[in-house]
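Shown next, in structure tokens, is the structure this report addresses.
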Ligand code: HEM
């Protein structure tokens with residue numbers, strides 16, 4: 001048996017945000033998975049992991065694979081005297097996002113934030129989702145051409161996140177729009193300096209806004225997540241103002257676009273599978289299992305990033321400290337080792353194994369119940385509003401590696 005360090009590493013020159021990978025990630029990365037579930041990509045200088053068992057293993061193993069990919073970047077690139085203080089301040093906010101932290105800070109933040117997520121205020125909010133959706137769908141045209149993304153999915157997810165955090169209705173759309181600041185940095189490349197100015201400018205405005213809200217809820221607590229985050233404390237301490245600000249911006253980023261994208265991805269999958277659409281319409285399939293299948297089949301998260309902490313052979317190849325690892329959940333979720341007939345959309349598929357659409361392990365999505373509920377209300381609600389739904393134009397996907405979402409979803413609808 002050869003030692004792991006002697007195993008020849010499969011090397012490729014991939015185009016991980018090229019047209020084929022963006023149009024059909026399950027197909028592009030699936031072909032790679034079937035040839036080799038762990039490869040080194042020379043172009044992106046990253047490991048590309050496409051097999052379900054390997055992805056699950058990496059997400060479980062926080063000793064070998066770190067989530068801390070912002071702090072080392074700040075130390076390397078943004079600590080010099082020439083760095084614009086606004087850019088530095090914006091990255092300091094990102095460095096406090098729990099998703100970019102390892103133990104022990106991650107565990108402390110997750111526990112405190114979880115208290116806030118599990119509160120009575122959040123339970124009551126879940127009860128309001130249907131009302132919020134009704135308001136949004138009632139404002140969309142009854143027939144003709146619509147953009148489902150901007151007319152329904154974005155306003156719905158924006159109103160949920162804003163109401164959840166305690167953003168007053170009049171500021172809702174301005175607030176929700178700030179999530180755009182983070183996408184280009186998180187979803188693309190940290191090294192692209194041209195995106196920093198946009199981030200820095202916007203984050204400054206966003207933080208001023210959230211600080212004002214925080215001051216208001218410190219004085220007079222409300223029935224919302226910000227008030228719960230102020231209240232959350234453990235034996236040692238409460239969340240600091242910086243941590244609350246970071247969490248608020250993380251929830252805005254993690255919770256709005258992801259859900260809006262999932263709603264659109266689900267409708268696209270149904271248009272491509274009219275038989276499944278009919279089964280959901282006539283109640284043969286319940287919304288709950290259907291949402292899980294949407295997350296597996298064409299979820300809004302395509303990949304998750306980790307960094308090799310110390311040299312490891314946990315995935316069967318020699319990986320070196322500091323190397324970047326892209327875990328392609330879009331391929332893992334179609335792995336035939338785990339899912340029967342993986343490329344078929346089967347809304348009531350009762351898989352024994354959990355899909356990876358919400359991640360897995362220590363960092364698994366904290367908003368998954370909210371996202372499930374939102375989608376389980378929105379997708380049947382859209383089918384209920386329009387008896388006829390068809391594509392009214394070609395679909396263009398955002399050319400990003402981490403997120404899967406359309407630029408617009410043009411539909412022709414009628415009652
Ligand atoms: C369909 C919608 C959503 C998808 C596909 C999604 C997906 C994910 C994934 C894959 C992760 C793991 C990231 C990693 O391991 O590095 C994650 C983490 C997280 N998500 Fe979501 N998410 C969704 C909705 C939401 C919502 C609605 C919220 C909040 C209201 C939220 C809050 C979070 C938070 C706070 C984390 C960080 C957890 C940690 O690092 O411990 N997500 N999400």
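Residue numbers (full-length UniProt numbering): 1 to 415. No residue lacks a Cβ here, since even glycine has one placed at the ideal position from N, Cα and C. Since the structure is predicted, the reported quantities are computational estimates derived from the model, not experimental observations.
Item: Any 3 or more C-beta pairs closer than 8 Å across the stretch 163-182 and the stretch 241-255; Value: yes
Item: Residue 407 to residue 395 span [Cα, whole Å]; Value: 8 Å
Item: Residue 208 classed as buried or exposed, judged by whether at least 16 other C-beta atoms fall within 10 angstroms; Value: exposed
Item: Closest by C-alpha distance to residue 166, when choosing among 273, 103, 221 and 90; Value: 221
Item: Complete alpha helix (DSSP H) runs within the stretch 126-188 (minimum length 4 residues, chain order); Value: 154-165, 172-177 and 183-187
Item: Those runs of the beta strand (DSSP E) which lie wholly inside the stretch 36-92 and span at least 3 residues; Value: 38-41 and 46-49
Item: Cut-off 7 Å between Cβ atoms - residues of its own chain near residue 256, not counting five sequence neighbours on either side; Value: 157, 158, 161, 176 and 179
Item: Rounded straight-line distance, which links the Cα of residue 350 to that of residue 284; Value: 14 Å
Item: Alpha-carbon to alpha-carbon, residue 335 and residue 154; Value: 31 Å
Item: Closer than 8 Å: residue 67 CB and nearest ligand 1 heavy atom; Value: yes
Item: Counted within 10 angstroms of its Cβ, other Cβ atoms place residue 13 as buried (16 or more) or exposed; Value: exposed
Item: Residue 206 CB to nearest heavy atom of ligand 1 below 8 Å; Value: no
Item: Buried versus exposed call for residue 49 [16 or more other C-beta atoms within 10 Å across all chains shown]; Value: buried
Item: Residue from 198, 373 and 269 whose Cα sits closest to the Cα of residue 390; Value: 269
Item: C-alpha gap between residue 233 and residue 290, whole angstroms; Value: 37 Å
Item: Span separating the alpha-carbon of residue 295 from that of residue 403; Value: 12 Å
Item: Identity of the residues DSSP links to residue 11 by a beta bridge; Value: 40
Item: Burial state of residue 54 (16 or more Cβ within 10 Å); Value: buried
Item: Reduced DSSP category for residue 399 - H, G, I as helix; E, B as strand; rest coil; Value: coil
Item: Of the residues 62, 123, 9 and 83, the one placed nearest residue 373, counting alpha carbons only; Value: 123
Item: Coarse secondary structure for residue 25, derived from DSSP in three states; Value: helix
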